[in-house]
Every structure is written in structure tokens, then in C-alpha cells.
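Chemist: Handing you a structure now.
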Amino acid sequence: MKVLAKWHLRDIITIAIISVLFGFIFVFSDWLYTLVYGILSPLGLGPFVGEGLFGLWCMGGPIAFMVVRLPGSSLISEILGAFLESGMGGQFGITALFAGFFQGLGSELGFASFRYKRFDVRSLLLAAVLSTVVTFGSALFIHGYIKLKLSMMLALFLTRLVSNLIFSVGLVSLIHNLFTRAHTFETRKS
1 MKVLAKWHLR DIITIAIISV LFGFIFVFSD WLYTLVYGIL SPLGLGPFVG
51 EGLFGLWCMG GPIAFMVVRL PGSSLISEIL GAFLESGMGG QFGITALFAG
101 FFQGLGSELG FASFRYKRFD VRSLLLAAVL STVVTFGSAL FIHGYIKLKL
151 SMMLALFLTR LVSNLIFSVG LVSLIHNLFT RAHTFETRKS
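Note that the UniProt record's numbering numbers the sequence shown so that position 47 is 47, with each residue one more than the last.
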């Protein structure tokens with residue numbers, strides 16, 4: 001109960017705002033996925049589209065954690081964002097909720113590795129790597145990647161990892177720095 005005692009109404013509202021914002025971003029990402037998938041599929045590159053955009057779907061959790069700085073904030077934000085994505089007509093439907101859970105879980109494992117006390121690129125990096133590993137593990141079964149040749153699995157994994165590093169480390173760091181400078185959200189002091 002000690003962890004729950006640290007949560008304040010302001011934290012819940014902040015996560016809700018971040019989740020709504022990213023819910024819209026997730027829906028936009030779904031549309032972008034559909035467009036690019038349609039263009040690249042005839043070239044045999046369709047499977048790489050979702051992997052290349054993967055990091056976009058993972059950003060909500062790390063942003064929430066960097067601002068709220070509480071255990072569970074990444075997981076809650078990813079699930080709520082995925083729920084809103086589904087509710088706003090995202091093409092992945094209920095599957096988005098499973099994806100949001102695994103994305104948030106992976107991020108939480110990364111932040112938990114530092115006992116939720118690091119709020120820097122290093123913690124974002126580990127969160128992104130673990131999120132990639134956890135979600136790819138689920139994709140082996142949910143998306144049938146387990147049936148692919150090892151070389152294709154490796155190529156998809158590396159694409160997913162690079163995307164997650166670009167978006168969930170690079171872009172999240174940039175956005176967090178902009179939020180901090182603009183005083184958009186009051187970042188909790190550790």
C-alpha cells in the first residue's frame with residue numbers, strides 16, 4: 001500500500017491527459033500503418049511496416065513515467081491509451097489492449113530495474129529494450145512470428161528495436177525536455 005499512498009489526484013489527471021493525447025497518436029499511427037502497408041506490401045515489405053512504426057505505439061508509457069515518476073504509470077498509460085485507440089476506431093480493436101499491456105509491462109520492467117529512481121536516457125533505454133523484448137515475445141504467438149524463418153524474425157526484431165529506440169528514447173527525451181522547459185506538466189521531484 002506504500003506505493004498507492006504516493007499517488008495523488010494530480011498524477012491520475014496527468015496520466016489521463018497523456019493517455020488521451022497518445023490515444024489520438026495511436027489512431028493516427030493506425031491510419032499511417034494502413035497507408036504505408038498498402039504501398040509496401042506489393043514489394044514484400046508489409047511485415048516491416050508495423051515494426052517500423054512500433055515505437056510510436058510505445059511512447060505513452062515512458063512519457064507518463066518521466067512526468068509522474070511513479071511505479072505503474074507506464075503500464076497504466078499504455079493500457080489507457082490502447083483502450084482509447086480501440087474506442088476511437090483504431091483498426092486493431094481489442095488486440096491493441098493486449099499490445100498496450102505488453103508495451104507497458106516491458107517499460108515498467110525497465111524502470112523497475114532502476115527501482116524507479118532514474119529519470120534519464122539510461123532508464124528510457126533499458127525500458128525500450130525490455131519493451132521490445134517483451135512485445136516481440138508476445139508477437140511470436142499473437143502474430144504468428146514463431147512460424148517465420150529465423151533470419152526474418154531477427155530482421156523484424158531489429159526493426160522493432162530501432163523504432164523503439166528512436167521513438168521511446170530519442171523522441172520521448174525530446175518531448176520530456178520540451179514539457180519541462182515549457183512547464184507544461186509539473187514533473188514530480190524524486
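For glycine and all other residues, C-beta sits at the position ideal for the given N, C-alpha and C.
Since we're looking at a predicted model, the values are computed, not measured.
Which word fits residue 117, buried or exposed, when buried means at least 16 other C-beta atoms lie within 10 angstroms of its C-beta?
Modeler: That one is exposed.
Chemist: Roughly how many angstroms separate the alpha carbons of residue 96 and residue 181, rounded to a whole number?
Modeler: About 32 angstroms.
Chemist: Could you check which residue in 72, 90, 141 and 140 has the C-alpha nearest to that of residue 107?
Modeler: Of the listed residues, the one whose Cα sits closest to residue 107 is 72.
Chemist: Of the residues 154, 134 and 128, which one's Cα is nearest the Cα of residue 163?
Modeler: Residue 163 has its Cα closest to that of 128, out of 154, 134 and 128.
Chemist: Kindly indicate which three-state DSSP category residue 183 falls into: helix, strand or coil?
Modeler: Three-state DSSP puts residue 183 in coil, outside helix and strand.
Chemist: Starting from the Cα of residue 132, find the closest Cα among 152, 157, 124 and 88 and give me that residue.
Modeler: Residue 157 is the option with its Cα nearest to residue 132.
Chemist: Report, in whole angstroms, the separation of the C-beta atoms of residue 90 and residue 11, which I expect to be a contact under 8 angstroms.
Modeler: Not quite, the Cβ-Cβ distance comes to about 26 angstroms (not below 8 angstroms), so this is no contact.
Chemist: Start and end of the alpha helix (DSSP H) containing residue 88?
Modeler: Unbroken run through residue 88: none, as it is neither H nor E.
Chemist: For a quick check, are the C-beta atoms of residue 61 and residue 78 less than 8 angstroms apart?
Modeler: Yes, these two residues count as a Cβ contact at 8 angstroms.
Chemist: May I have a chain-ordered list of the alpha helix (DSSP H) segments no shorter than 4 residues that lie completely inside the region 101-153?
Modeler: Taking only runs of at least 4 residues, the alpha helix (DSSP H) segments lying wholly in the region 101-153 are 121-142.
Chemist: Quick check on DSSP: helix, strand or coil for residue 59?
Modeler: Coil.
Chemist: So the candidates are 171, 173, 175 and 161; which of them puts its Cα closest to the Cα of residue 48?
Modeler: Of the listed residues, the one whose Cα sits closest to residue 48 is 161.
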